[in-house]
Amino acid sequence: MALSTTPELQPLQQQQSSIRTLPRKRPHRLSVTSWVFMAPIAVVFVALYVIPMSQSLYYSFTDFDGYVSNPEFVGFDNYTELFKDPSMLSALGYTIFYAVSTTILVTVTAIPLALTLNRKFFGRNLVRSAFFFPAVPSVAILGLVWGFILNPLGSGVLNSIIRSLTGLGPIPWLSDSTLAQLSTVAVTIWALTGWHAVLYLAYLQAIPADYYEVSKIDGATSWQSFRYITLPLLIPAMAVSQLLLMTNGLKVFDLPFTLTRGGPGFSTRTLTQSLIEDGIAQSRVGAASALAVLFLIVVGLVVLGQMALSNALQRKYS
Amino acid sequence: MFHHTNSPQRRRKTSLRLTVLGAVVAAAAALTGCGSSGGSGSDNTVSFYSWDNEASMKPILDEFKKQNPSVDLKVSYGTPVQGYISTLQTRINSGTAADVFIITAENKTEIMEGGFAKDLSGEPWIGNIADAAKATYTKDGKVYGAATSSWGGGILYNKDLLAKAGFTNPPETWDDFLALCKKLKDAGITPFYEPADTIPVSLAALVGLQNQASGGTMDADIWAGKTSFAKTWTEPLKDWSELFKQDLVSPSVAGLTGDQITSEFQRGSVAMISTGSWALGSIQKAAPDMKLEFMPVPGDSGTYWAGAVSPGYAVNAKAKNPDAAEKLVEFLQSKTAVELYQKQNAAITTTKDFTPQLDPALSSMVPAVRDGNFYLPQVTWPTNSAALNSETVSLLQQLIQGQTTPEKVASALDAKLASLQGK
Chain A
115 MALSTTPELQ
125 PLQQQQSSIR
135 TLPRKRPHRL
145 SVTSWVFMAP
155 IAVVFVALYV
165 IPMSQSLYYS
175 FTDFDGYVSN
185 PEFVGFDNYT
195 ELFKDPSMLS
205 ALGYTIFYAV
215 STTILVTVTA
225 IPLALTLNRK
235 FFGRNLVRSA
245 FFFPAVPSVA
255 ILGLVWGFIL
265 NPLGSGVLNS
275 IIRSLTGLGP
285 IPWLSDSTLA
295 QLSTVAVTIW
305 ALTGWHAVLY
315 LAYLQAIPAD
325 YYEVSKIDGA
335 TSWQSFRYIT
345 LPLLIPAMAV
355 SQLLLMTNGL
365 KVFDLPFTLT
375 RGGPGFSTRT
385 LTQSLIEDGI
395 AQSRVGAASA
405 LAVLFLIVVG
415 LVVLGQMALS
425 NALQRKYS
Chain B
69 MFHHTNSPQR
79 RRKTSLRLTV
89 LGAVVAAAAA
99 LTGCGSSGGS
109 GSDNTVSFYS
119 WDNEASMKPI
129 LDEFKKQNPS
139 VDLKVSYGTP
149 VQGYISTLQT
159 RINSGTAADV
169 FIITAENKTE
179 IMEGGFAKDL
189 SGEPWIGNIA
199 DAAKATYTKD
209 GKVYGAATSS
219 WGGGILYNKD
229 LLAKAGFTNP
239 PETWDDFLAL
249 CKKLKDAGIT
259 PFYEPADTIP
269 VSLAALVGLQ
279 NQASGGTMDA
289 DIWAGKTSFA
299 KTWTEPLKDW
309 SELFKQDLVS
319 PSVAGLTGDQ
329 ITSEFQRGSV
339 AMISTGSWAL
349 GSIQKAAPDM
359 KLEFMPVPGD
369 SGTYWAGAVS
379 PGYAVNAKAK
389 NPDAAEKLVE
399 FLQSKTAVEL
409 YQKQNAAITT
419 TKDFTPQLDP
429 ALSSMVPAVR
439 DGNFYLPQVT
449 WPTNSAALNS
459 ETVSLLQQLI
469 QGQTTPEKVA
479 SALDAKLASL
489 QGK
């Protein structure tokens, strides 16, 4: 293949292999300065993460209701209850659907958008800012605004436009289970694509223009340039972007809640909403803690799987 | 390479490490100290965690300060419902709850069973509290909260729009109500909206009629296993679901909030909505020319109101200043305070020594509300009301969409209760 023999790519590969063969430095003891810098974050980490997580693990084996200071030990009851609760299973299903679909759809929209924004055209900075803008306001505000736009009654903004253009009756955007699920995903894509496109843009700008010039001389088509230069060099960006999308998707609460409050029915109820409602509003801290522990394990496994996949892809293309 | 010996550098490093360690320990101790300290300072300080906002409570609390100049009142304001409940829960758990706080439907079981509030049944003023209010916050003969008002919920209608459909008298049966909705629909008027982000007022009143027929012990009997949701809720659910089966109400309400529905009503886009007495003031402000009135929800065995006793004032069982705390609660239920509160919030107050002057639109509701003739499931459920409330709302949203049936909703509630009771 023409591109694989491109002389300019050779030094990069040599460089990478030479990096790999450098002798490893011996791990050394952390200096005092390192400790000084790490101490505050270590205190915060222990106080705000390790202690609460340990407490959650303990509460998950008790019937703690948030009030009584000496809860009773109930073994794995809270964990077995989780799998019997249809609302919890529904929340699990929707959360996975939301996380996976937003990760895939934001990625496939953000990369082409980044490629477009990387070209030179009149008003480019303005367009870049416009696409980045949805990432600026609070998600709760976005939810309220989109709730107004997607109001399922005839007076809703989108329904008014559709009626004036086509004469069609009101579409129950947030009142129908399936449409509500799709609406929450659509609003998320709208809100996140710009931000992730800017991330890809930063990586795109780091790709030397020489690669594209050489590929052009070698007769590569636009698709080949994208497939064999752009895409492999965007793998690290994809790893970062998808990790953020997947973790945020799995722990999402604010956007679906402000749009639909988890409804209709259980259709857009997320695991985090279940955690908050069970633990705080319904005084079932034990059950909510069991869900939190299970959730932590699932998120950990998903993230590890995703990182393994990203590393495998990186190895394949580098 | 540097060799680790007892060199001056090594000693300086050790010394610095100890300093850093000391600073970390000191910071941790300071943090812990912040958490465990608190207290109300001087003996004359009483703390109050308010449910109502500052604008509502300021005139009342100013009057208390005027009458009790020696008491230093420390007030903090919560955000009902969830924000208030969670903050109170955390403060009770850490022993830093205010001397006077609010007991309400969402936390009454935990507060009463946990012994976190003082028994007020021996207070000389307790006879001034309405019987329904006392009963709401009573367990084993002990009264844990002093509620001074109640609210009622029914069908609020736009008189002009109903007149267009030939409305003369409020419907007396559920079938009459469905017929009125049909008449309005045929006249090109959207008949009725009801928010589905909470248990609907009309359904609550229909279930209330069942409760009334069983002598007011329906929920206690369900919890005791003598009856079930399937036996008591299925008929009201069937009646209520006719609104959607007969296409009289848009299934879009499954995704609407009370605020959205209220704004549709204010615009004159719908003839009737179900709401509570608390909404009247804001609707009148937004639509000052609209002629309004409440009507009760008609069922098969009469008419009934939804509604509940408002949150009550409770004295912390571990109050740092119990005398001043009791003094504050005594003042909050007094004629002076209730009159000020009523003026500020247009509430249907229920204390025996003060009769409120209320808006004529509420005239049909006030006697029933002051007598405690209303029903709201989530307030009457003996335990797990928040969990069951959330489950019911989701199931009803499914019923509206035709994804389930009244029978299945009632059975699902039985299953949820059994699960919550660990059966």
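Going down the list, the sequences are from chains A and B. Residues 115 to 432 in our numbering are what the first sequence lists, from first letter to last. Residues 69 to 491 in our numbering are what the second sequence lists, from first letter to last. A virtual CB, placed ideally from N, CA and C, is assigned to each residue, including glycine.
Cβ neighbour criterion (16 or more within 10 Å) applied to residue i
{"i": "B:Q489", "result": "exposed"}
{"i": "B:Q314", "result": "exposed"}
{"i": "B:A247", "result": "exposed"}
{"i": "B:A486", "result": "exposed"}
{"i": "B:D244", "result": "exposed"}
{"i": "A:Y431", "result": "exposed"}
{"i": "A:D199", "result": "buried"}
{"i": "A:L423", "result": "exposed"}
{"i": "B:S462", "result": "buried"}
{"i": "A:G261", "result": "buried"}
{"i": "B:Q401", "result": "buried"}
{"i": "A:M202", "result": "buried"}
CA-to-CA distance, residue j to residue i, given in whole angstroms
{"i": "A:T298", "j": "A:L240", "result": "27 Å"}
{"i": "A:V271", "j": "B:E332", "result": "14 Å"}
{"i": "A:V146", "j": "A:A153", "result": "10 Å"}
{"i": "A:M360", "j": "B:Y212", "result": "47 Å"}
{"i": "A:S397", "j": "A:L345", "result": "49 Å"}
{"i": "A:N273", "j": "B:L271", "result": "29 Å"}
{"i": "A:L288", "j": "A:P248", "result": "21 Å"}
{"i": "A:V259", "j": "B:G182", "result": "42 Å"}
{"i": "B:Q157", "j": "A:N425", "result": "45 Å"}
{"i": "B:V93", "j": "A:A161", "result": "For B:V93, the predicted structure reports a pLDDT of 43, less than 50, and the residue's modelled location is therefore unreliable. A value from the coordinates is still provided. Rounded to whole angstroms, B:V93 to A:A161 spans 12 Å at the Cα level."}
{"i": "A:P251", "j": "A:A244", "result": "13 Å"}
{"i": "B:V434", "j": "A:N184", "result": "45 Å"}
{"i": "A:G268", "j": "B:G276", "result": "33 Å"}
{"i": "B:T460", "j": "B:L316", "result": "22 Å"}
{"i": "A:S255", "j": "B:C249", "result": "Reading off the sequence shown, one finds Ile at residue 255 of chain A, where the question assumed Ser. Distance between the alpha carbons of A:I255 and B:C249 is about 36 Å."}
{"i": "B:G109", "j": "B:V139", "result": "Confidence at B:G109 is low in this model, with a pLDDT of 45, below 50, so the placement of that residue is unreliable and no value is reported for it."}
{"i": "A:P121", "j": "A:A228", "result": "Because A:P121 carries a pLDDT of 39, less than 50, the predicted location of this residue cannot be relied on, and no value is offered for it."}
{"i": "B:Y179", "j": "B:I171", "result": "Looking at the sequence provided, one finds Ile at residue 179 of chain B rather than Tyr. If you take the alpha carbons of B:I179 and B:I171, they lie about 7 Å apart."}
{"i": "A:A320", "j": "B:T473", "result": "59 Å"}
Enclosing alpha helix (DSSP H) for residue i [first to last residue]
{"i": "B:D140", "result": "Unbroken run through B:D140 is the beta strand (DSSP E), D140 to Y145; no alpha helix (DSSP H)."}
{"i": "B:E191", "result": "Run containing B:E191: none; DSSP gives neither H nor E here."}
{"i": "A:M202", "result": "P200 to L231"}
{"i": "A:S289", "result": "That residue, A:S289, is in no alpha helix (DSSP H); it is neither H nor E in DSSP."}
{"i": "B:T155", "result": "Q150 to N161"}
{"i": "B:N279", "result": "V269 to A281"}
{"i": "B:A480", "result": "P474 to L488"}
{"i": "B:M180", "result": "K176 to G182"}
{"i": "A:F245", "result": "R238 to F246"}
{"i": "A:Y325", "result": "A323 to I331"}
{"i": "A:R341", "result": "Premise fails: A:R341 is in no alpha helix (DSSP H) and is neither H nor E."}
{"i": "B:L396", "result": "P390 to L400"}
{"i": "B:D427", "result": "It is not in any alpha helix (DSSP H) - B:D427 carries neither H nor E in the DSSP assignment."}
{"i": "B:T300", "result": "F297 to K313"}
{"i": "A:Y431", "result": "V399 to Y431"}
{"i": "B:G323", "result": "Counting along the chain, B:G323 falls outside any alpha helix (DSSP H), and DSSP gives it neither H nor E."}
Identity of the residues DSSP links to residue i by a beta bridge
{"i": "B:S19", "result": "Because chain B is modelled from 69 through 491, residue 19 of chain B falls outside the range shown and cannot be assessed."}
{"i": "B:S217", "result": "B:T417"}
{"i": "B:T206", "result": "B:V211"}
{"i": "B:L360", "result": "B:N226"}
{"i": "A:F187", "result": "A:T176"}
{"i": "B:I170", "result": "B:Y381"}
{"i": "B:G375", "result": "B:G220"}
{"i": "B:F260", "result": "B:M340"}
{"i": "B:A185", "result": "B:N384"}
{"i": "B:Y443", "result": "B:A374"}
Where the beta strand (DSSP E) containing residue i begins and where it ends
{"i": "B:W366", "result": "One detail in the question is off: residue 366 of chain B reads as Pro in this sequence, not Trp. Counting along the chain, the beta strand (DSSP E) containing B:P366 begins and ends at V365 to G367."}
{"i": "B:I341", "result": "M340 to G344"}
contact_flag[the segment 209-225 of chain B, the segment 432-443 of chain B] where n(CB pairs < 8 Å) is 3 or more: Cβ pair count under 8 Å is three or more, so yes.
The segment 223-241 of chain B contacting the segment 304-323 of chain B, beta-carbon criterion three pairs below 8 Å: Segments in contact, no.
Touch test, the segment 327-338 of chain A against the segment 396-416 of chain A, Cβ-Cβ under 8 Å, three pairs minimum: Taking a contact to require three or more Cβ pairs closer than 8 Å, the segment 327-338 of chain A and the segment 396-416 of chain A do not qualify as touching.
Segment contact, 8 Å Cβ cut-off, at least three pairs: the segment 109-124 of chain B with the segment 160-176 of chain B: Pairwise C-beta distances place the segment 109-124 of chain B in contact with the segment 160-176 of chain B, as three or more of them are shorter than 8 Å.
The segment 251-270 of chain B touching the segment 322-336 of chain B, judged by at least three CB pairs closer than 8 Å: Yes, the segment 251-270 of chain B touches the segment 322-336 of chain B.
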